[in-house]
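1329 is the number of the first residue of the sequence shown in this note's numbering; add one for each residue after it.
Glycine included, each C-beta is placed from N, C-alpha and C at the ideal position.
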Amino acid sequence: MLRSLLAPPLASSLDTGTAAFTRNRADMEDHLAVIGGLLDEADAGGGPESTARLRSRDKMPIRERIAYVIDPDSPFLEISPLAGYDSSYAVGGGFVVGIGVIAGVECVICGNDPTVLGGAMTPYMAKKWMRAIEIA
1329 MLRSLLAPPL
1339 ASSLDTGTAA
1349 FTRNRADMED
1359 HLAVIGGLLD
1369 EADAGGGPES
1379 TARLRSRDKM
1389 PIRERIAYVI
1399 DPDSPFLEIS
1409 PLAGYDSSYA
1419 VGGGFVVGIG
1429 VIAGVECVIC
1439 GNDPTVLGGA
1449 MTPYMAKKWM
1459 RAIEIA
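Listed below in structure tokens is the structure:
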């Protein structure tokens, strides 16, 4: 029954054996590696020193706190994790916004990252905050 509800597969004339395909695939993999590195940088917040200082005060980084708040095994969709890229601010803007499930209810979750500028407000934080309000 479920199978009959699915759309049929799209026909493709893509030839995966051409040199152009191989070149394009390699370029795309390079771009994805760069994006992956930026996402890792955003996850790291203010870096290992700031995170160690935070943990020495018996506090958790923001993404870890969010992981404890949302329902176990539920996804967290982070909004604009690369905000602040190519600026003087840390990737992510020092603020985490996303959608998660808490007690079975979808919620917009926001939090300052204290490892980035001590959690101080940045222009990117303000933009992400406004977007969170729109989504909520």
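- The alpha helix (DSSP H) runs lying completely inside the stretch 1412 to 1439 and spanning 4 residues or more number zero.
- If only complete runs of 4 or more residues are kept, the stretch 1362 to 1408 shows the alpha helix (DSSP H) at 1376 to 1384 and 1390 to 1397, in order along the chain.
- Rounded to the nearest whole angstrom, the CA to CA distance from G1422 to S1340 is 43 Å.
- Between P1389 and L1382, the gap from beta carbon to beta carbon is short of 8 Å.
- Within the same chain, and ignoring the five residues on either side of S1408 in sequence, the residues whose Cβ sits closer than 6 Å to its Cβ are K1456.
- K1387 and R1351 have their alpha carbons spaced roughly 46 Å apart.
- The beta carbon of I1394 lies closer than 8 Å to those of F1404, V1424, G1426, G1428, I1437 and G1439 in the same chain, with the five residues before and after it left out.
- Residue environment: V1362 is assigned as exposed (fewer than 16 neighbouring CB atoms within 10 Å of its CB, all protein chains considered).
- Across the structure, G1373 and R1353 are spaced so that their CA atoms are roughly 30 Å apart.
- The beta carbon of T1450 sits closer than 6 Å to those of Y1417, G1421 and G1422, all from its chain and outside the five residues before and after it, given in chain order.
- Runs of alpha helix (DSSP H) with 4 or more residues, each lying fully within the stretch 1332 to 1357, are absent.
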